[in-house]
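Take a look at the structure below.
There are 2 protein chains.
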Amino acid sequence: MLEFIGQIKVKVSDKVFLKDPDSSDLGRSIIEHSIQLIHEIGFECFTFKKLGKQIGSPESTIYRYFENKHKLLLYLTAWYWAWLEYRLVFATANIDSAEERLKIAVEILTNPIQEDGEFAHVNEVILNQIVIAESFKAYHTRNVDEENKEGCFMVYKKLIKRVSEMVLAVNPEFKYPNTLISTVIEGAHHQEYFSRHLSFLTDKKKGEEDISEFFTHLVFNTIKTSQ
Amino acid sequence: MLEFIGQIKVKVSDKVFLKDPDSSDLGRSIIEHSIQLIHEIGFECFTFKKLGKQIGSPESTIYRYFENKHKLLLYLTAWYWAWLEYRLVFATANIDSAEERLKIAVEILTNPIQEDGEFAHVNEVILNQIVIAESFKAYHTRNVDEENKEGCFMVYKKLIKRVSEMVLAVNPEFKYPNTLISTVIEGAHHQEYFSRHLSFLTDKKKGEEDISEFFTHLVFNTIKTSQ
DNA sequence: GCAAAAGCGATAGTAATACTATTATATTTG
DNA sequence: CAAATATAATAGTATTACTATCGCTTTTGC
Numbered sequence: 047m048l049e050f051i052g053q054i055k056v057k058v059s060d061k062v063f064l065k066d067p068d069s070s071d072l073g074r075s076i077i078e079h080s081i082q083l084i085h086e087i088g089f090e091c092f093t094f095k096k097l098g099k100q101i102g103s104p105e106s107t108i109y110r111y112f113e114n115k116h117k118l119l120l121y122l123t124a125w126y127w128a129w130l131e132y133r134l135v136f137a138t139a140n141i142d143s144a145e146e147r148l149k150i151a152v153e154i155l156t157n158p159i160q161e162d163g164e165f166a167h168v169n170e171v172i173l174n175q176i177v178i179a180e181s182f183k184a185y186h187t188r189n190v191d192e193e194n195k196e197g198c199f200m201v202y203k204k205l206i207k208r209v210s211e212m213v214l215a216v217n218p219e220f221k222y223p224n225t226l227i228s229t230v231i232e233g234a235h236h237q238e239y240f241s242r243h244l245s246f247l248t249d250k251k252k253g254e255e256d257i258s259e260f261f262t263h264l265v266f267n268t269i270k271t272s273q
Numbered sequence: 047m048l049e050f051i052g053q054i055k056v057k058v059s060d061k062v063f064l065k066d067p068d069s070s071d072l073g074r075s076i077i078e079h080s081i082q083l084i085h086e087i088g089f090e091c092f093t094f095k096k097l098g099k100q101i102g103s104p105e106s107t108i109y110r111y112f113e114n115k116h117k118l119l120l121y122l123t124a125w126y127w128a129w130l131e132y133r134l135v136f137a138t139a140n141i142d143s144a145e146e147r148l149k150i151a152v153e154i155l156t157n158p159i160q161e162d163g164e165f166a167h168v169n170e171v172i173l174n175q176i177v178i179a180e181s182f183k184a185y186h187t188r189n190v191d192e193e194n195k196e197g198c199f200m201v202y203k204k205l206i207k208r209v210s211e212m213v214l215a216v217n218p219e220f221k222y223p224n225t226l227i228s229t230v231i232e233g234a235h236h237q238e239y240f241s242r243h244l245s246f247l248t249d250k251k252k253g254e255e256d257i258s259e260f261f262t263h264l265v266f267n268t269i270k271t272s273q
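Quick note, the sequences are listed as chains B and S, same order.
Residue numbering for the first sequence follows the numbering used here, starting at 47 and increasing by one per position.
Residue numbering for the second sequence follows the numbering used here, starting at 47 and increasing by one per position.
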């Protein structure tokens, strides 16, 4: 299992951090407390100064791990996508039916997150909340193209590719597998956010799990019917 | 037609501005140049100081129209939704078939924007680019709930409601009209952004119009089939 | 037609942010 | 055990996102 964590780490481009936060206690503490703090006060209000207070270090120390707070957000989201992919691989292993595999995948991508005790310094439930609320800030910037070139989004790309292949396994003729899957992933996050803050944009009620049903229905009806 | 503009204005909650920018030449100049400037340098880098330079006024003057730059973004997005709804109403007027009305609506929501000469101080094509790149920043903040209560998103709500009703006109049994339509609107914007910056998340090629085809297909297959 | 109000320009000032730089100490490593 | 590395502590800077004040001009209400 720990080898898998190693792999997950490797997938994140070195460009995201200056020093690997998973290589020291202080680094892991930065990750752990940044997740807590971003969740509490939001990414806009989050600063390295405040984070430094939490972990008992000056802000200059955190700057040795991450160039700026945006890169830290890139790291957190990359970690999240890698973790999702790892869950996906486990959940779909040894399933013969292409339909069944895709169904499981969509459920993993759209269902609420359960805590995974495997990674001590990461609270996956809270990290999921952060991804829902802030992840678009990771790729809606002036530097997207540059960061994309550097490979900052490789982990997300891998995840999309894996699920797209599952779509094509069900219907090899389908023309929009990437569009469909990114719509599902981003859409599920949005609906979760809307149900909490802008209820007029959704039919999902807080706490209910009907969103997974909606997207499963959407995916299979969209790919099965010939165009 | 001008009366319609009046209506569009009224739909934007007074809470969004301190003084109606459409009530003076200076106000309209603020809107016109803010659209240009945000498009050029991005909303993060956009400041009232820089905007002041463009229009030859100090920043303090702009603060008399908008409390801060976030409220200005709220105004621009609200204007955009109101404008879309007005186009929608015109395009679907006198169409008898519920299916045809919905089809037209989805096309308006997902097709590239054409310039509308009607409103001199607003470049709709550029405003659309801004909405695609920055609109989520309008509602992903610490103050969403408060701003939602104040009615800052009423215009968007109206648009969603109108299209949701078109969905229900085709299939009154469908359980997720709001979820479906917000997924289409937000999804179409994302795909446009992805095709320009993160191509691995989409099958849309720059310039091509296949995105409308995808979403039309998705909508009708999702609502027509019984669950 | 005139006084009061409102609109606008110009300038100054402030707290916070997002860093950068430097120095000193502590720890690890070859 | 020396050299490199990691961290703490402190200081400093440019920019941002405002707020405050003042004086001039234009509009308006009677």
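By construction, the Cβ of each residue, glycine as well, lies at the ideal position given by its N, Cα and C atoms.
The structure presented is a predicted model; accordingly, all values stated were derived computationally and were not measured.
| query | Using a Cβ-Cβ distance under 8 angstroms, would residue 228 (chain S) count as near chain B? | reply | Here residue 228 (chain S) corresponds to residue number 182 of the second sequence, with the count starting at 1. Chain B, which has a Cβ nearer than 8 angstroms to the Cβ of residue 228 (chain S), makes this yes.
| field | Segment contact, 8 angstroms Cβ cut-off, at least three pairs: the region 156-176 of chain B with the region 90-104 of chain B | value | The region 156-176 of chain B vs the region 90-104 of chain B: no contact.
| Residue range of the alpha helix (DSSP H) that residue 91 (chain S) falls in? | One-based indexing of the second sequence puts residue 91 (chain S) at position 45. Unbroken alpha helix (DSSP H) run through residue 91 (chain S): 71-91.
| Check whether residue 257 (chain B) and residue 123 (chain B) have beta carbons under 8 angstroms apart | In the first sequence, counting from the first residue as 1, residue 257 (chain B) sits at position 211. In the first sequence, counting from the first residue as 1, residue 123 (chain B) sits at position 77. Pairing residue 257 (chain B) with residue 123 (chain B) gives a Cβ-Cβ distance that is not under 8 angstroms.
| Using a C-beta cutoff of 8 angstroms, does residue 156 (chain S) count as contacting chain B? | Mapped onto the second sequence, residue 156 (chain S) falls at position 110. Not flagged as an interface residue toward chain B: residue 156 (chain S), since no C-beta distance is shorter than 8 angstroms.
| Where residue 242 (chain B) sits in the DSSP three-state scheme | Here residue 242 (chain B) refers to the residue found at position 196 when the first sequence is read from its first residue. Three-state DSSP puts residue 242 (chain B) in a helix.
| query | Using a beta-carbon distance cut-off of less than 8 angstroms, what residues from the region 167-195 of chain B approach chain S? | reply | Result list: 179, 180, 182, 183, 185, 186, 187, 188, 190, 191, 194.
| So, do the region 103-117 of chain S and the region 70-77 of chain S have three or more beta carbon pairs nearer to each other than 8 angstroms? | Under the 8 angstroms Cβ criterion, the region 103-117 of chain S counts as touching the region 70-77 of chain S, having at least three qualifying pairs.
| Every unbroken alpha helix (DSSP H) within the region 138-215 of chain S, with a cutoff of 4 residues, ordered by chain | Complete alpha helix (DSSP H) runs here, min 4: 144-156, 170-180, 182-185, 190-196.
| field | Nearest-angstrom Cα separation, counted from residue 241 (chain S) out to residue 144 (chain B) | value | Sequence index remark: in the first sequence, residue 144 (chain B) carries index 98 (1-based). Sequence index remark: in the second sequence, residue 241 (chain S) carries index 195 (1-based). Spanning the two alpha carbons is a distance of roughly 28 angstroms.
| query | residue 224 (chain B) by DSSP, collapsed to three states: which one? | reply | Position 178 of the first sequence, counting from 1, holds the residue named residue 224 (chain B). For residue 224 (chain B), the three-state secondary structure derived from DSSP is helix.
| task | Could you work out which residues of chain B lie near residue 237 (chain S), taking near to mean beta carbons separated by less than 7 angstroms? | result | For the purposes of this step, residue 237 (chain S) is taken as residue 191 along the second sequence, with counting starting at 1. Result: 225.
| query | Just curious, the alpha helix (DSSP H) that residue 98 (chain B) is in, first and last residue? | reply | Numbered from its first residue, the first sequence carries residue 98 (chain B) at position 52. Per DSSP, the unbroken alpha helix (DSSP H) holding residue 98 (chain B) starts and ends at 94-101.
| task | Using alpha carbons as the reference points, say which of S:243, S:216, S:210 lies closest to residue 228 (chain S). | result | Indexing the second sequence from 1 puts residue 228 (chain S) at position 182. Per the Cα distances, S:210.
| query | What do you reckon, are the CB atoms on residue 188 (chain S) and residue 88 (chain B) nearer than 8 angstroms? | reply | Along the second sequence, one-based indexing puts residue 188 (chain S) at 142. Along the first sequence, one-based indexing puts residue 88 (chain B) at 42. Contact: yes.
| request: Mind listing the chain S neighbours of residue 84 (chain B)? Cutoff is C-beta to C-beta under 7 angstroms, in chain order. | output: In the first sequence, counting from the first residue as 1, residue 84 (chain B) sits at position 38. Chain-order list of chain S residues neighbouring residue 84 (chain B): empty, with the shortest C-beta distance near 12 angstroms, by a criterion of under 7 angstroms.
| query | Quick one: what does DSSP say residue 219 (chain B) is sitting in, helix, strand or coil? | reply | In the first sequence, residue 219 (chain B) corresponds to position 173, counting from 1. Here residue 219 (chain B) sits in coil by DSSP.
| query | Using a C-beta to C-beta distance shorter than 9 angstroms, which residues of chain S count as neighbours of residue 93 (chain B)? | reply | Counting from 1 along the first sequence, the entry for residue 93 (chain B) is found at position 47. The contacting residues do not exist; residue 93 (chain B) stays about 14 angstroms from chain S at best.
| query | Can you list, in chain order, the residues of its chain whose CB lies under 6 angstroms from that of residue 252 (chain B), leaving out five sequence neighbours each side? | reply | In the first sequence, the residue the question calls residue 252 (chain B) occupies position 206. Cβ within range, chain order: 241.
| query | Between residue 123 (chain B) and chain S, is there a C-beta pair that is closer than 8 angstroms? | reply | Residue mapping note: residue 123 (chain B) aligns to position 77 of the first sequence, counting from 1. No, residue 123 (chain B) does not count as interfacial toward chain S.
| task | Just the C-alpha distance for residue 254 (chain B) and residue 238 (chain B), rounded to the nearest angstrom, thanks. | result | The residue given as residue 254 (chain B) occupies position 208 in the first sequence. The residue given as residue 238 (chain B) occupies position 192 in the first sequence. Here the alpha carbon of residue 254 (chain B) sits roughly 10 angstroms from the alpha carbon of residue 238 (chain B).
| request: Starting from the beta carbon of residue 88 (chain S), find every residue of chain B whose beta carbon is closer than 8 angstroms, and list them in chain order. | output: Numbered from 1 along the second sequence, position 42 holds the residue referred to as residue 88 (chain S). Within chain B, the residues near residue 88 (chain S) are 187, 188.
| Where residue 115 (chain B) falls: helix, strand or coil (DSSP) | Taking the first sequence and counting its residues from 1, the one referred to as residue 115 (chain B) is at position 69. Residue state, collapsed to three classes: helix.
| message | I want to see whether chain S comes within less than 8 angstroms of residue 264 (chain B), judged by CB atoms only; does it? | response | Numbered from 1 along the first sequence, position 218 holds the residue referred to as residue 264 (chain B). Look at residue 264 (chain B): its C-beta is under 8 angstroms from a C-beta on chain S.
| said: Considering just the uninterrupted stretch of the alpha helix (DSSP H) at residue 256 (chain S), what are its terminal residues? | reply: Locating residue 256 (chain S) in the second sequence gives position 210, counting from the first residue. Looking at the DSSP string, the run of the alpha helix (DSSP H) that includes residue 256 (chain S) is 256-270.
| said: I'd like to know if residue 113 (chain S) contacts chain B, where contact means its C-beta is closer than 8 angstroms to some C-beta of that chain. | reply: As a position in the second sequence, residue 113 (chain S) is number 67, starting the count at 1. For residue 113 (chain S), no Cβ of chain B is located within less than 8 angstroms of the residue's own Cβ.
| said: Suppose you measure from the CA of residue 180 (chain S) to the CA of residue 186 (chain B); what does that come to, to the nearest Å? | reply: Taking the first residue of the second sequence as 1, we reach residue 180 (chain S) at position 134. Taking the first residue of the first sequence as 1, we reach residue 186 (chain B) at position 140. The straight-line gap from Cα to Cα measures roughly 8 angstroms.
| request: Return no unless some Cβ of chain S is closer than 8 angstroms to the Cβ of residue 260 (chain B). | output: One-based indexing of the first sequence puts residue 260 (chain B) at position 214. Contact of residue 260 (chain B) with chain S is assigned, a C-beta pair being separated by under 8 angstroms.
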